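Residue numbers (this note's numbering), protein chains in the order written: chain A, 255 to 424; chain B, 63 to 285. Worksheet: the structure to be examined is printed underneath.
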Amino acid sequence: MAGRKAGFDRAVESYFGGLYRYAYWLCRNRWQAEDIVQDSLLRAWRAWPALREERALKSWLFTIVHREYLRAAARVPRTESDAGAEEAGYDPDPGGALDMEQALQELADDSREALLLQVLGGFTCVEIAQVLGASEGAVMTRLTRARQALRRKLGAAGGATGTVREPRTA
Amino acid sequence: MNCLEFRRAAMLAPRRLDTEALGHAERCPACGVFLGEALGLEAQIENSLDIPVPHGLQERMVRNALDAPRISRRQALVAGLALAATAGGAGLLWQRDDPLALAGIDFVVFEEAQAILDAKPADPASLRRAALQTGIVLPAQLGELRYIGTCPFAGATAHHVVLKTAFGKATLLLLPGRPLGTRLIASARGLHAAIAPASGGSVAIIADSSRGIARIESILKSG
C-alpha cells in the first residue's frame, strides 16, 4: 500500500501543475479549478490499482480532469472568472497578459481545449483527439483556428495577418 | 514543402516542426519571419497560461485523495476496465522515464527549432572530433545529415545533430565526457529517447519511434 501511495504521489508530482492549469483555464475560476482537480485526483486514486500503463498516465489524468470539468459545468453554470484576482506582481507584462487572456477567452471552447492540451500537456494531435473524443483532423483544424484567431486578435507580435494565405513559393 | 504547407504546419504546432519544415524556413526569408512570429506568439501563450499553482495545494489534494474512503473491489474492477479502454490497448508495459532522457525529449520539443534558427554555421570537423572524443563514429548509413551545431544540454555543451533517416527525423546529442553506467530511456510528447553509454561519454537519441532509435543505436554500435 505504501508503495502504491508513493507511486501515485510521484505521478501527481509530475503532472500536477499542468492539471491545475488545465482545469483553471477551462473554468477560469481558481476555486472551481481546485474542486475539479481534487475530484479528479479522488477518481484517479480509486482507479489507481488497475493502472498498468504508465505511458497512458498523463493523458489518462488529463482526460479525468476534462471529464470532471464537464461534470462540474453540467452541475452549475460557469461562474465568473477570477482572472483578475491573481497575486500582485505575478506577471511582468500585465497589459499583454490581459490581452492574451481576453483573446483566449474569446476562442471557441473546442479550439481552446485543444490548444490548452497541446501547450500545457505537450500532447500530440492524436493524444488530444483521445482526450477530447474527437478525430485527429478535427483537432488539427481546432489548433490552427485557435492560433489564427490569437494572431489576428493580438496583432501577431509584429503585424502578421491571422490567416494562412498563399505566399510566394520559396 | 512549399510556403503554404510550411505555414499550415507552423500554425498547427510551431514547436514541433520537422526538418523539412525547418529547412524551408531557412531557405525562405518570408517563412523564416513567419516562423519567428509563430514562436513569439507561442511564447506569449505559454507565459499567459503559466499561472502559479497555490503553495501547498498539491500536498493537500494528494493527502485528501489518499485519505478518502476506498471503494469496493467491484467498483475498482469497473474503473480498471474503463482505464484499459481509455489507454487504447497500446499494449505497452509499465516503464519508468528517466529524467535525463526526458530532458532530451523536452530539448527537441521546446528548444531545437530555436537552436537551429539561432545557429551559426557549424564546423563538421568539430563534430568529427566530438564523435571521436565520445567514442563513436557517425557512419553514412545513419541517414541524411540535416543540421549540426552545439547547444547547452543538461548543464553541458552537447553536439547537436539532426538526421533524416529511413524512420523519419532523429536528433542526436553527443555528450563527450558524460559517461553513463546504463542505458536510459523515456517516452513523452509523442517522442522516444534513449541515452546510450559510449566509451568516452554518451549519446542521446530522440526520434518518433523506438524502432528508429534501435536502428540508430545498432548502426552506431556497428560503426
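Glycine is no exception: its CB is placed at the ideal position from the N, C-alpha and C atoms. Predicted model, so just to flag it, every value in this text is computed and none were measured.
As assigned by DSSP and simplified to three states, the class of B:Ser271:
One-based indexing of the second sequence puts residue 271 of chain B at position 209. It is coil, neither helix nor strand.
Quick check: the Cα distance between B:Phe172 and A:Ser365, rounded to an integer number of angstroms?
Taking the second sequence and counting its residues from 1, the one referred to as residue 172 of chain B is at position 110. Taking the first sequence and counting its residues from 1, the one referred to as residue 365 of chain A is at position 111. Roughly 22 Å separates the two Cα atoms.
Which residue comes first and which comes last in the beta strand (DSSP E) that contains B:Glu206?
Counted from its first residue, the second sequence places residue 206 of chain B at position 144. Where B:Glu206 is concerned, the enclosing beta strand (DSSP E) stretches over Glu206 to Phe215.
C-alpha gap between B:Gly263 and B:Arg190, whole angstroms:
Taking the second sequence and counting its residues from 1, one reaches residue 263 of chain B at position 201. Taking the second sequence and counting its residues from 1, one reaches residue 190 of chain B at position 128. If I take the Cα positions, the gap works out to 14 Å.
Out of A:Val385, A:Lys312, A:Asp363 and A:Leu352, which has the shortest C-alpha to C-alpha gap to B:Ile107?
Here residue 107 of chain B corresponds to residue number 45 of the second sequence, with the count starting at 1. The shortest Cα separation from B:Ile107 among A:Val385, A:Lys312, A:Asp363 and A:Leu352 belongs to A:Leu352.
Could you check where the alpha helix (DSSP H) with B:Ser188 kicks off and where it finishes?
As a first step, residue 188 of chain B is located in the second sequence; it is residue number 126 there, counting from the start. Unbroken alpha helix (DSSP H) run through B:Ser188: Pro186 to Thr196.
Considering only residues of the same chain and omitting the five flanking positions on each side of A:Trp279, which have a CB-CB separation below 8 Å?
As a position in the first sequence, residue 279 of chain A is number 25, starting the count at 1. Excluding positions up to five away in sequence, the list reads Leu358, Arg366, Leu370 and Leu374.
Would you mind sorting A:Trp314 into buried or exposed? The rule is 16 or more other CB atoms within 10 Å of its CB.
Position 60 of the first sequence, counting from 1, holds the residue named residue 314 of chain A. Answer is buried; the Cβ neighbour count reaches 16.
Nearest neighbour of B:Lys231, chosen from B:Ser271, B:Leu97 and B:Arg122 [CA to CA]
Here residue 231 of chain B corresponds to residue number 169 of the second sequence, with the count starting at 1. Looking at the Cα atoms, B:Ser271 is the closest of the given residues.
Residue-chain proximity (B:Ala75, chain A), Cβ-Cβ < 8 Å:
As a first step, residue 75 of chain B is located in the second sequence; it is residue number 13 there, counting from the start. Interface residue, yes.
Interface residues of the segment 252–278 of chain B facing chain A [CB-CB below 8 Å]:
Cβ contacts with chain A come from Gly252.
Continuous alpha helix (DSSP H) stretch holding B:Ile79: start and end:
Along the second sequence, read from residue 1 onward, the residue named residue 79 of chain B stands at position 17. This sequence places Leu at residue 79 of chain B; Ile is not what is there. Premise fails: B:Leu79 is in no alpha helix (DSSP H) and is neither H nor E.
Measure how close the beta-carbons of B:Ala177 and B:Ala255 come, nearest whole angstrom, since I'm counting them as under 8 Å.
By one-based count along the second sequence, residue 177 of chain B stands at place 115. By one-based count along the second sequence, residue 255 of chain B stands at place 193. Their Cβ separation, rounded to whole angstroms, is 16 Å, which puts B:Ala177 and B:Ala255 out of contact at 8 Å.
Leaving out five residues before and five after A:Val319 in sequence, what residues of the same chain have Cβ atoms less than 7 Å from its Cβ?
Here residue 319 of chain A is taken as the residue at index 65 of the first sequence, counted from 1. Leu273, Tyr276, Ala277, Ile290, Val291 and Ser294.
Chain B contact for A:Glu288 (CB, 8 Å cutoff)
Residue numbering aside, residue 288 of chain A sits at position 34 when the first sequence is read from its first letter. Judged by the 8 Å Cβ criterion, A:Glu288 is in contact with chain B.
Taking Cβ-Cβ distances shorter than 9 Å, what residues in chain A pair up with B:Ile178?
Locating residue 178 of chain B in the second sequence gives position 116, counting from the first residue. Within 9 Å Cβ-Cβ: nothing; B:Ile178 doesn't reach chain A, min ~17 Å.
Between which two residues does the beta strand (DSSP E) carrying B:Ser288 extend?
Residue 288 of chain B falls outside the range modelled here, since chain B spans only 63 to 285, and no answer is possible.
Quick check on B:Arg240 - is its C-beta less than 8 Å from some C-beta in chain A?
Locating residue 240 of chain B in the second sequence gives position 178, where the first residue counts as 1. For B:Arg240, the answer is no, since every Cβ of chain A falls outside 8 Å of its Cβ.
Exposure label - A:Ser425; buried when at least 16 CB within 10 Å
Residue 425 of chain A cannot be examined here, being either before or after the span of chain A that is shown, 255 to 424.
Should B:Arg273 go down as buried or exposed, given a rule of 16 or more other Cβ atoms within 10 Å for buried?
Here residue 273 of chain B refers to the residue found at position 211 when the second sequence is read from its first residue. It counts as exposed.
How is A:Ala277 classed by DSSP in three states: helix, strand or coil?
The residue you call residue 277 of chain A lines up with position 23 of the first sequence. Three-state result, A:Ala277: helix.
Compare the C-beta of B:Ile247 with all C-beta atoms of chain A and state if any pair is closer than 8 Å.
In the second sequence, the residue the question calls residue 247 of chain B occupies position 185. Chain A contact via Cβ: absent.
Is the segment 275–282 of chain B touching the segment 198–217 of chain B in the sense that three or more CB pairs, one from each, lie closer than 8 Å?
yes
Any chain B beta carbon closer than 8 Å to A:Ala260:
Translated into the one-based positions of the first sequence, residue 260 of chain A becomes position 6. At least 8 Å separates the CB of A:Ala260 from every CB of chain B.
Residue-chain proximity (B:Val115, chain A), Cβ-Cβ < 8 Å
Position 53 of the second sequence, counting from 1, holds the residue named residue 115 of chain B. Yes, its Cβ sits closer than 8 Å to a Cβ of chain A.
Contact check, B:Leu234 vs B:Ala266 under 8 Å by CB: the rounded distance?
What you label residue 234 of chain B is simply residue 172 of the second sequence in a count that begins at 1. What you label residue 266 of chain B is simply residue 204 of the second sequence in a count that begins at 1. Your pair B:Leu234 and B:Ala266 checks out as a contact, with CB atoms roughly 7 Å apart and the cut at 8 Å.
Rounded to whole angstroms, how far is the Cβ of B:Ile115 from the Cβ of A:Gly271, which I believe are closer than 8 Å?
Along the second sequence, read from residue 1 onward, the residue named residue 115 of chain B stands at position 53. Along the first sequence, read from residue 1 onward, the residue named residue 271 of chain A stands at position 17. Per the sequence shown, residue 115 of chain B should be read as Val rather than Ile. Contact holds; Cβ gap of about 5 Å.
Contact belief for A:Ala383 with A:Val393 at Cβ below 8 Å, rounded distance in angstroms
Residue 383 of chain A sits at position 129 when you count from the first residue of the first sequence. Residue 393 of chain A sits at position 139 when you count from the first residue of the first sequence. At roughly 5 Å, the Cβ-Cβ gap stays under 8 Å, so A:Ala383 and A:Val393 are in contact.
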